[in-house]
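Single-structure report; data block below.
This is how it looks when you write it as structure tokens:
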């Protein structure tokens, strides 16, 4: 065990994998080269048509077999149909010991994934998120070796460096031509873009584009080119765009959370990060949506035009673009139909390449150029470390997303969080799991005050004399504990066994997650 | 020496380079993987601004030093200013033994390139074209080892496979932001696109974007992303778009050549390759321009709408797009301001990725999906082999361009050529140099008749009963020889020394070019 730069004990090696402990947000300099994808070959132009009917044919054509790694994007989120189709087909064909390497998983896939594990078709999940019953399964110790949690940028890094080796990428594409040129922009089930699959397409041994909308050659715009595609599988439906966001995409109605969003905007403005020409990102959580709305109002009031913004995009950001208060929007993921329509029609609305968005082992990325990012948290500790991946009971719960990436890149990183969730304190002594290191977090905005990271004297200087309630994070924590009626933070009841490694975006290990004692294994309920 | 599939003698090794003789257009199956570019790293977001003033600063910043390989694109063709600026700066800084690996060279660069060779700053030229005085210098034997001629697709192949290793790519960009996101589409010196540099950007050790138009971040559309860019060099002017085409871009006025163009259209139509939904490419030579014009007229007359076309694009193709007789245009190189403006304004006008265009070692490319391609030739022989790279005296003269790529990919490949140029026969027994193998050429259209490749019985069947003058290629040759007053083809007066290797698009060697005896070395005239 080695103590890493956020004080967590990291094994030097586990299950045959050598680990590099986290050294600090900007300290790890990568060595060596990217991994080299295979040279392709098309025998002759006669082979230009790559279409087959259905998933099974595609699986046979690319030679998917025991022990391989398969990947998927999550642009349809809870409306995805491709992963289930492929897993069902693999089970039917009796393929065993696959590794699943998706960019994320969602509730609609849980039952199929668990069944595939139970039947031996899946033996491991590599990267992506570990939510819901899948998180519970991992936390109860179903796998022989620990899984790895990675940020969006971290997954690109892992693929380009060879840490994730994909044998077959299955890419749900709302439009494709017979040769595999495809995009997420148009079609009866358009999802905006399919960027999460771009690294998969570039590095996988074999690529299957799965589409329900075969269009005339060449399918444009070309988001993924035929150069990378082996087979085009035609199916009835790849996903339901209406289920991209599970539940309703709605601004929080809680006065507490609205206050947090307003204070976050105020903080960013007072400290000089909202100005004519600024850039920002905010996500699709309740507080983030409110932040985007209030930010739009501020831009309007001040007559500012932001230079650009990016996001998991929603109608709130589209509104700002339509009103002319941001010049350009770059979307990595469309969260609602307003976003999809805007991408289709507005020439100032672009998709953001997922590698361009956050790949840390390139020579620069979009997140590095952000003025402001607003992010949520499951827990924040007095060292400003943030947890997004485990509940306080230690069970895997949520993904990292772009949290680490944007926090490291933006000039001002604001974490918004209520002081409590139910009876649980959110500001704690030590986060259960470190996802994002405190050195990349500048301020925590709660309904009981704003804590500024002591590393940022400059911000402290700027808020002086404002009506913002600036507090010490220790005091926030104490208040939270008092309200919770506890003296000490309750630690998870963890076994020794490490079930998950939390990678920092640069591939080093920032924390580990252990098996939760006495946790029910959801596989036991699968027939 | 080994005889290759077009009967040329190829050494198995030369100057330490192992050679693979050409095996047939679709016979060589590549093994192994692409080369792996270096992992990038940005120390922290503070480093986001990459701008330096001028070329010298950029050269110092990326550490350009003796023996390295530098690359350039040729989108400005004879109006390019970047290559000369860099060579001048390198000479001034006393850097020696550089290898020049441009996508092409033009007359405006000849003097500087020759001076750089003479002063020892340049020691070799890798790929690109060998025109004019540069061709003459190579043909007179200035280099220690033979140069290599490659097609557009072949250059991408060579870079991605590691055959060309670029240390520093200099990329003239009509628009760039401080981080290096850039494009060729907008700016005071817009050239349409900068696609020839995309492989360079992805694979070079260091990348310098050279721009005269710094725009607000993020520069969109993003043709090359900041992920690949080390330094942005700000200069006064990168090129003159008015000189993209040397001389005037004008349709041939020669009745002979107009007839050739008309017959080529007729042949493509009669054989079923021009239809509602067809695809085509034609270049910017005099006959090709006329072909495009006549093709447009045919589409109009028949009420056809072609599905797509690509080209080194000119106003003639833009006209067809505007009139709605082609749905989409994909441009790899803009040849006039009409093309540039159309790319800027028409949502159905896209740029064609140079890798997507013609990279043979991917899983498919645009050229494979063409119905018709019309190409020129310096010579064609009775086996339908085409020479584009040497004069009949054996001196290097012209580049390959997309000749090999499109000929191999298209369903119908038509070579248009006058029977004679001056007193020289163009249809000969054996081309001086094989650029494009006869097996990928379907027909040769001359003013004295159309020769169809005997491999294409199907075409022969289709032209039966038409008013096209179908002749045997042997008869064309005989006629040419008679008109030239010769009995036998005059062969070049070549030395034994091999000065150039002609690569086929797959990296095998299709022919060699030898030193021309008694040729004046243009370096002798450089002070």
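Chains as they are written, first to last, in this note's numbering: chain A, 6 to 532; chain B, 6 to 532. Every residue gets a Cβ at the ideal spot worked out from N, C-alpha and C, and that includes glycine.
Which value, in whole angstroms, describes the spacing of the CA atoms of residue i and residue j?
{"i": "residue 467 of chain B", "j": "residue 273 of chain B", "result": "10 Å"}
{"i": "residue 76 of chain A", "j": "residue 426 of chain A", "result": "35 Å"}
{"i": "residue 236 of chain B", "j": "residue 220 of chain B", "result": "15 Å"}
{"i": "residue 246 of chain A", "j": "residue 267 of chain A", "result": "31 Å"}
{"i": "residue 410 of chain A", "j": "residue 510 of chain A", "result": "7 Å"}
{"i": "residue 444 of chain A", "j": "residue 415 of chain A", "result": "12 Å"}
{"i": "residue 502 of chain B", "j": "residue 397 of chain B", "result": "18 Å"}
{"i": "residue 367 of chain A", "j": "residue 177 of chain A", "result": "26 Å"}
{"i": "residue 296 of chain B", "j": "residue 356 of chain A", "result": "38 Å"}
{"i": "residue 353 of chain A", "j": "residue 207 of chain A", "result": "27 Å"}
{"i": "residue 486 of chain A", "j": "residue 430 of chain A", "result": "6 Å"}
{"i": "residue 123 of chain B", "j": "residue 528 of chain B", "result": "6 Å"}
{"i": "residue 42 of chain A", "j": "residue 233 of chain A", "result": "10 Å"}
{"i": "residue 375 of chain A", "j": "residue 92 of chain B", "result": "37 Å"}
{"i": "residue 59 of chain A", "j": "residue 37 of chain B", "result": "30 Å"}
{"i": "residue 1 of chain A", "j": "residue 138 of chain A", "result": "With chain A represented from 6 up to 532, any question about residue 1 of chain A goes unanswered, as that position is not in the structure."}
Would you kindly check if the distance between the Cβ of residue j and the Cβ of residue i is under 8 Å?
{"i": "residue 27 of chain A", "j": "residue 513 of chain A", "result": "yes"}
{"i": "residue 104 of chain A", "j": "residue 61 of chain A", "result": "no"}
{"i": "residue 361 of chain B", "j": "residue 180 of chain A", "result": "no"}
{"i": "residue 44 of chain B", "j": "residue 156 of chain A", "result": "no"}
{"i": "residue 432 of chain A", "j": "residue 451 of chain A", "result": "yes"}
{"i": "residue 439 of chain A", "j": "residue 515 of chain A", "result": "yes"}
{"i": "residue 436 of chain B", "j": "residue 518 of chain B", "result": "no"}
{"i": "residue 107 of chain B", "j": "residue 79 of chain B", "result": "yes"}
{"i": "residue 184 of chain B", "j": "residue 213 of chain B", "result": "no"}
Return no unless some Cβ of chain B is closer than 8 Å to the Cβ of residue i.
{"i": "residue 367 of chain A", "result": "yes"}
{"i": "residue 373 of chain A", "result": "yes"}
{"i": "residue 41 of chain A", "result": "yes"}
{"i": "residue 346 of chain A", "result": "no"}
{"i": "residue 318 of chain A", "result": "no"}
{"i": "residue 499 of chain A", "result": "no"}
{"i": "residue 18 of chain A", "result": "no"}
{"i": "residue 492 of chain A", "result": "no"}
Is DSSP giving residue i helix, strand or coil here?
{"i": "residue 529 of chain B", "result": "helix"}
{"i": "residue 442 of chain B", "result": "coil"}
{"i": "residue 429 of chain B", "result": "strand"}
{"i": "residue 295 of chain B", "result": "helix"}
{"i": "residue 191 of chain B", "result": "coil"}
{"i": "residue 478 of chain B", "result": "helix"}
{"i": "residue 84 of chain B", "result": "helix"}
{"i": "residue 380 of chain B", "result": "strand"}
{"i": "residue 53 of chain A", "result": "helix"}
{"i": "residue 180 of chain B", "result": "strand"}
{"i": "residue 220 of chain A", "result": "coil"}
{"i": "residue 386 of chain B", "result": "strand"}
{"i": "residue 436 of chain B", "result": "coil"}
{"i": "residue 342 of chain B", "result": "helix"}
{"i": "residue 519 of chain B", "result": "strand"}
{"i": "residue 502 of chain A", "result": "strand"}
Residues in its own chain within less than 8 Å of residue i by CB, not counting five upstream and five downstream?
{"i": "residue 255 of chain B", "result": "291, 294"}
{"i": "residue 197 of chain A", "result": "80, 189, 190, 318, 336, 338, 339, 344, 345, 348, 356"}
Which same chain residues, not among the five before or five after residue i, have their C-beta less than 6 Å away from its C-beta?
{"i": "residue 9 of chain A", "result": "15, 26, 27"}
{"i": "residue 380 of chain B", "result": "408, 420"}
{"i": "residue 413 of chain A", "result": "30, 445"}
Relative to the ligand ATP, is the shortest distance from any of its heavy atoms to the C-beta of residue i smaller than 7 Å?
{"i": "residue 450 of chain A", "result": "This structure lacks the ligand ATP; in fact it carries no ligand of any kind."}
Under a CB-based cut-off of 8 Å, is residue i close to chain A?
{"i": "residue 242 of chain B", "result": "no"}
{"i": "residue 330 of chain B", "result": "no"}
{"i": "residue 225 of chain B", "result": "yes"}
{"i": "residue 285 of chain B", "result": "no"}
{"i": "residue 53 of chain B", "result": "yes"}
Only counting the same chain, and skipping five residues up and downstream in sequence, which positions put a Cβ closer than 7 Å to that of residue i?
{"i": "residue 524 of chain A", "result": "141, 144, 145, 400"}
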